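Per this note's numbering, the sequence shown starts with residue 6, numbered consecutively.
What follows is a short report on a single structure.
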Amino acid sequence: MGYFQHKSAESMEDYLETILLLQKQNGAVRSIDIAHELNFSKPSVSVAMKSLREKKYITMASDGQITLTPEGLDKAEKVLERHNLLSNLLIRLGVPEKLAKEDACRIEHDISEETFEILKKHCIENCEKNCTA
């Protein structure tokens, strides 16, 4: 995967994760909510939402409400799980919380599924509290 393809996939994952978090927090999600949350311009978010609709990750109602499709929800939940586990693992290792969350956001896009599953298994078996808590 080339650099720009990778950045595009990373951006898409960030949008899906943000939509999921906003849905959990607010119920309804609109483009303006995403723009505010990510500190992006409304036009940038609109372009991204068009791309996510074309990939069948979201639907958009006539009133602008955004909903994750089953495929989008699955992808968003996987990204969020990686983010939470990695953040909590880094914090447990002594990384300051703010830095752990920033680093987890970068790592979550690049870690292989195989390595992530091994880390997850390790956390479940060895952490006092599950690292994904």
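From the three backbone atoms N, C-alpha and C, an ideal C-beta is built for every residue, glycine too.
Values in this document were obtained by computation on a predicted structure and should not be read as measured data.
- Gly32 places its beta carbon 8 Å or farther from that of Leu57.
- Going by C-alpha positions, Leu98 is about 21 Å away from Ser117.
- Contact check for Leu21 against Lys103 fails: the beta carbons are separated by 8 Å or more.
- Taking the CA atoms as reference points, Arg35 sits about 5 Å from Gln70.
- Assignment of Leu98 by DSSP, reduced to helix, strand and coil, places it in the coil class.
- Excluding five sequence positions before and after Val50, the CB atoms of its chain that fall closer than 6 Å to its own CB belong to Ser36, Ile39, Ala40, given in chain order.
- Thr72 and Met17 have their alpha carbons spaced roughly 15 Å apart.
- With a contact defined as Cβ atoms closer than 8 Å, Glu113 and His88 qualify at about 5 Å.
- Secondary structure of Thr72 (DSSP, three-state): strand.
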